[in-house]
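**Q** Pasting a structure below so you can have a look.
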DNA sequence: TTTGTTTACTTAATCGTTTTCGTACTTTTA
DNA sequence: TAAAAGTACGAAAACGATTAAGTAAACAAA
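Residue numbers (the numbering used here), protein chains in the order written: chain A, 1272 to 1609; chain B, 1272 to 1609.
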């Protein structure tokens, strides 16, 4: 590999001059700069990030921690969109993205924080993980700039989708379609679930809805088997709901299957709505009614805020950025004449 | 950050001794080693990858080039599974994964190869890209260890799913169900498409099937609108097919919608099959019949072969590894009484 | 006893950059 | 015309590790 030393020899100047010329320092003559850049290009010079990082303590590399309990990681149909958007944004700003090794089986493995220090990440984004993992906590409490997605830590920047407003909008939408007997199969216990569930109850109250306890069920996120079972239970109720809300789009398909198995028609006989707005939902029939998350903005915002924090640690205000989703009307929620 | 120098001072030995002790060289006394490791741990020492890379010319970092024309990148429902499996495997072996910046809009951007040199990747995996991009070619032809997925370059390791056998198995499966009028909407022109298409024709011939030209259509991968239109055309034929094969699972849903819109029932009136075996296909009703790719093995194999090549460049044999998929029977291909 | 062999370290160079400080020369200012 | 300022570059140290070569002490062999 051609290094600055090679260029310096070819140009008959010192290495220091080459470095300064390539970095456009003002104390190098215009002529010299031009010549050095020219020769560097001709020789196919590429800087060495390791060496640069060693001196400057900046890697222009961002660590990504992305691995939920279910180990879905990259295949998660909601978070993969967020990550994709994050990637585009950091790359536009000249940063790279490296995954924090989350393989926990190696004997000589490093903790998340150790790994981050080892690689010298300028900043870290955390999403889709077990936020109660001690290693995650250690990472968040370190002095490395961190942004979390969909989880709020004390005194750290977080990008959150607005689950309160999302659920409110979704429930209100369903209500406005004339539904009054509305069931909600919520996800497993988590901050996200709690936001949505309490928003569900509050909105129901505001709308004057009566939600019997048997209308509220739990099923793990993305678990179609669980939603299938719970949906059956709801359908078996003496006074079944006219609409069922699901933890997420993917899980809703389990419920839809249960409904179809009973010979019921969506949305004629019963309505359903998901949450997230994953791509496939718009390409099936009937199109899934859902609360569509703005994954593009969530990812981009996380990237922007993280880079801001990295580059201006003093002046960046630690805040929670809330991203609004919107109801995607679809065709799975029908109108009920009152 | 605590460095080897700090440890050497705390232990009263030289930096060299610390380095050798931590790396378990044989010329350091057992007692000393133990003491140094102990102190290093107590002081919270973490090695510095940049410095290490500078000396050893090994980064233990693998570059990932992953960005197709459609810019689906991480959200691709087939490749994201492959990538996930790749990630697990390299992480188990102590390697990290960094994306090669594929943002082409920055003025001062590097080419893929320059970026790879800049970061000093030990090896590179390429998938899901435009393989005719000159920058991709430049990268493949460089001296950096490379493994490609689903594309074969001259004298480079490739992991390929067996499209010939896959299509043969799928078509044979459909044939054995009694179908004789089988249409195939294939993907846009690519090596993958050509393998499948020629395998389709050859298998049809072997089975003694007559495939009229109007049964063969083209639609871009993952394009549900295109498959919707092409399916309508097929249904409008005077002698329509009894079964339609699609470019991929995702695209097949466009066709399924067209069929449903015509009031036809799957698989009573007409059968369909996809390709890939994406997760959602197994969670919808009727379950999609498809050729299920072994994404886990493709990713793992790519990782294994790449690491093999990195660590034993001389003795590693350059080969094409072919991974078999299997027919997932599903419920969208019905039986036809002959 | 002398020589040779181990053992257990240390010295010092090096990887490719950046950056502070210095220096020689030129230009401006009083 | 002498001092001050500015310009363009170089020398050298440093970042945090690795490693070849050297050395001193302990031990074994002749």
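Just so you know, even glycine gets a beta-carbon here, dropped at the ideal spot from N, CA and C.
Using 8 Å as the limit for Cβ to Cβ distance, is residue 1548 of chain A near chain B?
**A** No, residue 1548 of chain A does not count as interfacial toward chain B.
**Q** Whole angstroms are fine: how far does the CA of residue 1412 of chain A sit from the CA of residue 1426 of chain A?
**A** Cα to Cα, residue 1426 of chain A sits roughly 9 Å from residue 1412 of chain A.
**Q** Between B:1356, B:1357, B:1480 and B:1347, which has its C-alpha nearest residue 1354 of chain A's C-alpha?
**A** The shortest Cα separation from residue 1354 of chain A among B:1356, B:1357, B:1480 and B:1347 belongs to B:1347.
**Q** Apart from the five residues on each side of it in sequence, which residues of its chain come closer than 7 Å, Cβ to Cβ, to residue 1463 of chain B?
**A** Only 1421 and 1434 meet the Cβ criterion.
**Q** Roughly how many whole angstroms lie between the Cα atoms of residue 1311 of chain A and residue 1306 of chain B?
**A** Spanning the two alpha carbons is a distance of roughly 47 Å.
**Q** Would you say residue 1551 of chain A reaches chain B, if we count a Cβ-Cβ gap shorter than 8 Å as a contact?
**A** By this cut-off, residue 1551 of chain A is an interface position.
**Q** What did DSSP end up calling residue 1605 of chain A once you bin it into helix, strand or coil?
**A** In the structure shown, residue 1605 of chain A sits in coil (DSSP, three-state: anything other than H, G, I, E or B).
**Q** Mark residue 1494 of chain B as exposed unless 16 or more other C-beta atoms lie within 10 angstroms of its C-beta, in which case mark it buried.
**A** The residue is buried, with at least 16 neighbouring Cβ atoms inside 10 Å.
**Q** Per the contact definition of three or more C-beta pairs closer than 8 Å, is the region 1553-1569 of chain B in contact with the region 1581-1588 of chain B?
**A** Result no; under three Cβ-Cβ pairs closer than 8 Å.
**Q** Is residue 1498 of chain B closer than 8 Å to residue 1456 of chain B when the C-beta atoms are compared?
**A** Cβ distance < 8 Å, so residue 1456 of chain B and residue 1498 of chain B count as in contact.
**Q** Check whether the Cβ atoms of residue 1334 of chain A and residue 1428 of chain A sit closer than 8 Å, and answer yes or no.
**A** Not closer than 8 Å, so no.
**Q** Consult DSSP for residue 1403 of chain A and reduce its assignment to one of helix, strand or coil.
**A** It is coil, neither helix nor strand.
**Q** Could you tell me if residue 1319 of chain A is buried or exposed, where buried requires 16 or more neighbouring beta carbons within 10 angstroms of its beta carbon?
**A** By the 10 Å Cβ count, residue 1319 of chain A comes out buried.
**Q** On the DSSP bridge list, what partners appear for residue 1367 of chain A?
**A** Residue 1367 of chain A is bridged to A:1332.
**Q** Helix, strand or coil for residue 1431 of chain B per DSSP?
**A** If DSSP states are grouped into helix, strand and coil, residue 1431 of chain B belongs with the strands.
**Q** Could you tell me the distance, in whole angstroms, from the CA atom of residue 1362 of chain A to the CA atom of residue 1372 of chain B?
**A** Cα to Cα, residue 1362 of chain A sits roughly 6 Å from residue 1372 of chain B.
**Q** How long is the line joining the alpha carbons of residue 1452 of chain B and residue 1540 of chain B, rounded to whole angstroms?
**A** Those two C-alpha atoms are separated by around 13 Å.
**Q** Go ahead and label residue 1563 of chain B buried or exposed: buried means 16 or more other beta carbons lie within 10 angstroms of its beta carbon, across all protein chains shown.
**A** Label assigned to residue 1563 of chain B: buried.
**Q** Helix, strand or coil for residue 1413 of chain A? Go by DSSP, reduced to three states.
**A** Coil.
**Q** Going along chain A, which residues have a C-beta under 7 Å from residue 1314 of chain B?
**A** Ordered by position in chain A, no residue passes the 7 Å Cβ test against residue 1314 of chain B, which lies about 13 Å from the chain.
**Q** The alpha helix (DSSP H) spanning residue 1385 of chain B covers which residue range?
**A** Segment 1383-1390, the alpha helix (DSSP H) holding residue 1385 of chain B.
**Q** Where do the ends of the beta strand (DSSP E) carrying residue 1455 of chain B lie?
**A** Residues 1453-1457.
**Q** Measuring CB to CB, does residue 1449 of chain A end up less than 8 Å from residue 1609 of chain A?
**A** Contact: yes.
**Q** DSSP three-state call for residue 1337 of chain A: helix, strand or coil?
**A** In the structure shown, residue 1337 of chain A sits in a strand (DSSP, three-state: E or B).
**Q** Thinking just about the alpha-carbon of each residue, which of B:1274, B:1418 and B:1470 is nearest to the one in residue 1574 of chain B?
**A** With distances taken between Cα atoms, residue 1574 of chain B lies closest to B:1418.
**Q** In the DSSP assignment, find the alpha helix (DSSP H) that holds residue 1276 of chain A and state where it starts and stops.
**A** Where residue 1276 of chain A is concerned, the enclosing alpha helix (DSSP H) stretches over 1275-1282.
**Q** According to the neighbour-count rule (16 or more other Cβ atoms, all chains shown, within 10 Å of its Cβ), is residue 1295 of chain A buried or exposed?
**A** Under this definition residue 1295 of chain A is an exposed residue.
**Q** Rounded to the nearest angstrom, what separates residue 1445 of chain A and residue 1560 of chain A at their Cα positions?
**A** When rounded, the distance between both Cα atoms is 10 Å.
**Q** By the DSSP assignment, the beta strand (DSSP E) with residue 1599 of chain A in it spans what residues?
**A** Where residue 1599 of chain A is concerned, the enclosing beta strand (DSSP E) stretches over 1597-1599.
**Q** Under 7 Å, CB to CB, which of the residues in the region 1499-1514 of chain B have a partner in chain A?
**A** Within the region 1499-1514 of chain B, no residue qualifies.
**Q** Please classify residue 1378 of chain B as buried or exposed, where buried requires at least 16 other C-beta atoms within 10 Å of its C-beta.
**A** Counting Cβ neighbours within 10 Å, residue 1378 of chain B comes out exposed, since fewer than 16 surround it.
**Q** Mark residue 1502 of chain B as exposed unless 16 or more other C-beta atoms lie within 10 angstroms of its C-beta, in which case mark it buried.
**A** Counting Cβ neighbours within 10 Å, residue 1502 of chain B comes out buried, since at least 16 surround it.
**Q** Measuring alpha carbon to alpha carbon, tell me which residue in A:1300, A:1513 and A:1274 is nearest residue 1323 of chain A.
**A** When only C-alpha atoms are compared, the closest one is A:1274.
**Q** Using the C-alpha atoms, what's the distance from residue 1489 of chain A back to residue 1442 of chain A?
**A** Computed Cα separation, rounded: 17 Å.
**Q** Using a C-beta to C-beta distance shorter than 7 Å, which residues of chain A count as neighbours of residue 1385 of chain B?
**A** Per Cβ cutoff of 7 Å: 1317.
**Q** Roughly how many whole angstroms lie between the Cα atoms of residue 1349 of chain B and residue 1566 of chain B?
**A** Rounded to the nearest angstrom, the two C-alpha atoms are 7 Å apart.
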